[in-house]
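A short worksheet on the structure shown next.
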Amino acid sequence: MTLQALLFALPVVSALAGDSPWLDKNLSPEDRLQAFIGQLNESQIYAMVQGDTVLDDHGTGINACIGHISGIDALGIPSVCMGDGPAGVGNSLNDVTAFPAPIMISSGWNTTSQYVFGKMLADEHRMKGRNVVLSPTINILRSPLWARAAESLSEDPYLTARLAVAQIEGIQSEHALACPKHFAIYNQDSNRFGVGPLYDAWDSVVDERTMQELYLPAFKATVQEAKAASNDWGFTGFVVADWYFGHRSTIPAANNGMDISMPGGSLVDAFGFPAFYDDMLKEAVNSGSVKFSRVRDMVERLWRPMFEVGAVDYPPEGNATAMARTQEHLDFAQELAEDGMVLLKNEGQLLPLSKHKYKRIAMFGRGATNQTHVTEEHGGFVLDNGMVTQAPFDHIKKRGDAEGISVKYAEAHPGTGPYPTAPSSMFQDLKCTYWNNTDWSGKINQTVYPQNITSGKFPANMFRSWPDVFSSKYEGKFLANTTGLYHFSLYGQGDAVLRLNGQHVVTMTKQNFGNPVSGVIELEAGKPVDLYLEYSMGYSLSTSNFGVTLGVDGGDSNIGLQLPSGQDELIAKIAAASSKMLVVLGTNSAILMPWIDQVEGILEMWYPGQQVGLALERVLYGDISPNGKLPLTFPKTLEDTIQITSDLEVNYDEGLYVGYKRFDKLNIDPLFPFGFGLTYTSFDLKHLRLKASRCSSYITATATLKNTGDYKAKQVVQLYVSYPEEANEPPKLLKGFQKVELDVGQTFEISIEVKKDDLRVWEEGDWRLVKGKYEFMLGFSSRDILEKKDIHL
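Counting in UniProt numbering, the sequence shown tops out at residue 793, every number present.
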């Protein structure tokens, strides 16, 4: 579910009230809301609890509003127009700014930047006619394997909360609503929706303490500080179910706080679910299962935040084709990219680049010129076909030419994407059976014997009477030509499951939005294994992109967090032939680095947005120092991380021990710790002091920070707290941070306040401050602690 955030307060602006008190800005938002609700008839009230638009291509096409509820022009009430997403205006609208991925913005550990980003995000959405921004994603990054790591903020609840509150305040300062998502225990995508036709999804099983201390704090902060769920927190806005699959019932949903259903627009949605809040809700009210007062409450919750943030008074003036991208936004996107790059290794001062160090530079990799991953490829990320991207090679070469450095480029690797289509030579006795339904039942339409598995290659007579839906099954043998690990990808539209030798290998769902999904299995050369592939088209897909393609790539020796398609091997080969090597990573999460000891430098630039070339040039050539800090832990091995399973019951047995807390508890050495990031200079941190009194609700930690190096740079001082043993908490918890920019030789007095209430633990249904000794620790990462001091509470 997603949660609708609310603003603290509004400026009072005069308006003509007349016979429309709901438009009188001199009245309180609540009085205006009640006056408006009093004008609605029963039919209008029912219409406002369910979306009313049919999305193009299941939401992956061009959609002015990914969610829409019609306003009432006669009453001067605008429509509700919702849009993704967390990295810019999504849903395939053009002429918008491709900002860096949220995980990169979070690497800046900068609340001011988050606030400005929120303002610009709201501004561009409003220019596109939207007044509800579906952002930020504040689910905890429980595992680096999560498919939505790029749009998350961090693995830590305190950092996530601080960044989320700042962004929401920025969004809502522009008279748009922020919708933080997804409430609340959503940390993986395997079986998130289930596989058609039944779509049985997984259930998250987590204990109450873990939920309260780890997964809910960011949501609670958005309610109490930025005013966004739960009646227990004073929430008065609305809860909207995530699109299509988030809504599975009528009576339980209505009676347990689910206010708005999306996207609506039809009696049966694109995946076969009925419109639970249409006639079914009316029937529930008529039968007495749901009170009509509850339906009215749903509508009040929808419009209350619209009045509170000024969305009723200042409706967006733009439309889906308006130009929203500005030079100011591009400049800030570049600033965010510069601030979020994380220098992980800089052996022998490899960076910054200069003519005094290097005469020749060779660049390898498709990412230097073809920026297919400056942003994510689906969901709430920018998909602007006309976007102009500042390619790294162009800027690094131009700068090199000016400084007398020769810069050359070779692609060396085609980059990521679906694996090559498995050739016919790897199949034996392949058979495909078709049905004119989604569940492989009843009369078989026909059986064919294809050479391989490729999207769009269907029997010709199926096109003459094309059904609304179809399903198929491929059966046969697969023959590996060498022994080793084989990576398989499924690519297309619909639901598909691949099994080899009885083992589940890959699952593709409609929610992969046409992006390739992959899996791995070890196979023996010359030994045929049983192949079984089920495919279901589903409802209302265009015939231009249906079907599934099976791709294969063999020979890799790693799985899980490795770079795809042999890129690890390529890095190792180039490193062996180079005197010095820098690896610039464009990833959405942590990765393994089997080549780490072979290279001198590593820079993580995540998905940096369309201004990547300018930002990377300035960082590499030393115009600015890299300043980013990791918002998640990078593991040395896959086994060190929490695994993502495809089980329908996902048990959070690790409890509180997620991210750096897990590594601390189990004494595991990370590849790079949470909060880590190098600069081009050095810093000294001394003289930690704690100030508190019995009557004060805060503890203040102060210390002296000095830039002792040769470059102007920023440093993030991080405050961790260790609890009394009785509290049974992880070894240390992040409780504060401060980012400071210092010139060479400059000093600054760090001051970080910690609320005593934020030190409480959840026990037996309530919060309690455990008495005893607390250790306050200051440092530059979770594993780089420089100062410690105790305090008794």
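Backbone N, C-alpha and C define an ideal beta-carbon position, used for all residues, glycine too.
For residue i, does the count of other Cβ atoms within 10 angstroms reach 16, so buried, or fall short, so exposed?
| i | result |
| --- | --- |
| S465 | With a pLDDT of only 45 at S465, under the threshold of 50, the placement of this residue in the model should not be trusted; the figure read from the coordinates follows. The residue in question, S465, is exposed, as its Cβ has fewer than 16 Cβ neighbours within 10 Å. |
| V205 | exposed |
| G234 | exposed |
| T321 | exposed |
| M426 | buried |
| E604 | buried |
| M81 | What sits at residue 81 in the sequence shown is Cys, not Met. The residue in question, C81, is buried, as its Cβ has 16 or more Cβ neighbours within 10 Å. |
| C695 | exposed |
| T482 | exposed |
| M508 | buried |
| G779 | buried |
| T447 | exposed |
| D597 | exposed |
| Y449 | exposed |
| E787 | buried |
| W303 | buried |
| Q643 | exposed |
| Y215 | buried |
| A410 | exposed |
| L336 | buried |
| N627 | buried |
| K181 | buried |
| T637 | exposed |
| L55 | buried |
| G714 | For the record, residue 714 in the displayed sequence is Lys; it is not Gly. Its Cβ being crowded by 16 or more others within 10 Å, K714 is buried. |
Report the residue from the options whose alpha carbon sits nearest the alpha carbon of residue i.
| i | options | result |
| --- | --- | --- |
| P635 | F674, S751, S781 | F674 |
| Q327 | M120, D339, K25 | M120 |
| Y486 | F478, G492, F292 | F478 |
| P724 | L614, V309, V770, L55 | V770 |
| R783 | K181, Q610, N667 | N667 |
| G736 | V716, D743, T637, N728 | V716 |
| A284 | W109, K665, Y46, I444 | Y46 |
| N707 | D743, E726, V658 | D743 |
| S441 | S406, S489, P420, E534 | E534 |
| G76 | E42, L33, N110 | L33 |
| E213 | K789, V761, H792 | V761 |
| M363 | A74, A575, N139 | A575 |
| D757 | I699, E741, G772 | I699 |
| E403 | A253, G476, P420, I361 | I361 |
| P315 | H175, P100, S249, G265 | H175 |
| Y532 | Q610, Q428, N41, I591 | Q428 |
| K661 | F748, S781, S751 | S781 |
| M104 | N139, V96, I69, A150 | A150 |
| S579 | G348, P263, M341 | G348 |
| V96 | K739, V658, R248, R325 | R325 |
In terms of residue numbering, what span does the alpha helix (DSSP H) encompassing residue i cover?
| i | result |
| --- | --- |
| residue 813 | Summary: the structure shown does not reach residue 813, with the chain confined to residues 1 through 793, and so no result is reported for it. |
| S751 | That residue, S751, is in no alpha helix (DSSP H); its beta strand (DSSP E) goes 747-755. |
| T447 | Segment 444-448 is the beta strand (DSSP E) holding T447; no alpha helix (DSSP H) there. |
| A35 | 29-37 |
| E534 | No alpha helix (DSSP H) holds E534; the beta strand (DSSP E) holding it covers 529-536. |
| K282 | 279-286 |
| Y46 | 42-47 |
| E335 | 327-340 |
| E169 | 157-172 |
| D664 | 660-665 |
| E524 | Note, E524: premise wrong, no alpha helix (DSSP H); not H, not E. |
Could you check where the beta strand (DSSP E) with residue i kicks off and where it finishes?
| i | result |
| --- | --- |
| N191 | Premise fails: N191 is in no beta strand (DSSP E) and is neither H nor E. |
| F683 | 683-691 |
| D766 | 766-768 |
| I785 | 784-792 |
| S715 | The question names Ser, but residue 715 in the sequence shown is Gln. Here the beta strand (DSSP E) through Q715 covers 713-722. |
| H68 | 67-69 |
Original post:
Which runs of the alpha helix (DSSP H) fall wholly inside the region 73-126 and span at least 4 residues, in chain order?
Top reply: 102-106
**OP:** Counting only runs of 3+ residues fully inside the region 198-266, write out the beta strand (DSSP E) ranges in chain order.
**Re:** 203-205
Original post:
Looking at C-beta atoms only, is the number of pairs between the region 148-164 and the region 624-635 that lie closer than 8 Å three or more?
Top reply: yes
**OP:** Pick out the complete beta strand (DSSP E) segments inside the region 564-597, 3 residues or longer, and give them in chain order.
**Re:** 582-585
Original post:
Does the pairing of the region 277-294 with the region 89-108 give three or more beta-carbon distances under 8 Å?
Top reply: no
**OP:** Tell me, please, whether the region 166-173 touches the region 354-373 by the rule of three or more beta-carbon pairs shorter than 8 Å.
**Re:** no
Original post:
Per the contact definition of three or more C-beta pairs closer than 8 Å, is the region 565-583 in contact with the region 521-528?
Top reply: no
Original post:
On the three-pair Cβ rule with 8 Å, is the region 674-683 touching the region 612-628?
Top reply: yes
Subject >> Stretch-stretch touch, CB-based, cutoff 8 Å, three pairs: the region 330-344 with the region 610-622 >> reply: yes
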